[in-house]
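K.L.:
Quick note on the numbering used here: the sequence shown kicks off at 68 and runs consecutively.
Let me give you the structure first, and then I'll get to my questions.
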Amino acid sequence: MNAKQRCKLRRLERRSEERNSANAERRLASKIATTLSGCSEITVKALSLPTPVVRGEEEVTGSCCLPQVAIFAAGYRKSKSVTAR
């Protein structure tokens, strides 16, 4: 095993230890939050998400900038009088 491989192996081992410790801390924090709130993590996440705002008027999607979209959408017919420019 050459120096490059040993260095790579040491780095992988070091990163593995760091990931394991970070995961342990995350699990501990999750357990503490669950114990204090009385809810599971999924429930807390669902409650903290923003709710969608319902407006009185429905949003129009699609061809809002082209009022004559049917003229431009007909790709198989060639229109000599109407261009998209």
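Ideal Cβ positions, reconstructed from N, Cα and C, are used throughout, including at glycine.
Just so we're clear, the structure is a prediction, and the values are computed from it rather than from any experiment.
Reducing DSSP to helix, strand and coil, say where N69 ends up.
P.N.:
Position 2 of the sequence shown holds residue 69. DSSP places N69 in coil when its eight states are reduced to three.
K.L.:
Taking 7 angstroms as the cut-off, does the CB of A70 come closer than this to any heavy atom belonging to the ligand ZN?
P.N.:
Ligands are entirely absent from the displayed structure, and the ligand ZN is therefore not among its contents.
K.L.:
Could you give the first and the last residue of the continuous alpha helix (DSSP H) run that contains S115?
P.N.:
Within the sequence shown, numbered from 1, the residue matching residue 115 stands at position 48. E108 to S115 is the extent of the alpha helix (DSSP H) around S115.
K.L.:
Kindly indicate which three-state DSSP category T118 falls into: helix, strand or coil?
P.N.:
For this step, residue 118 is matched to residue 51 along the sequence shown. Reduced to three states, the DSSP call for T118 is coil.
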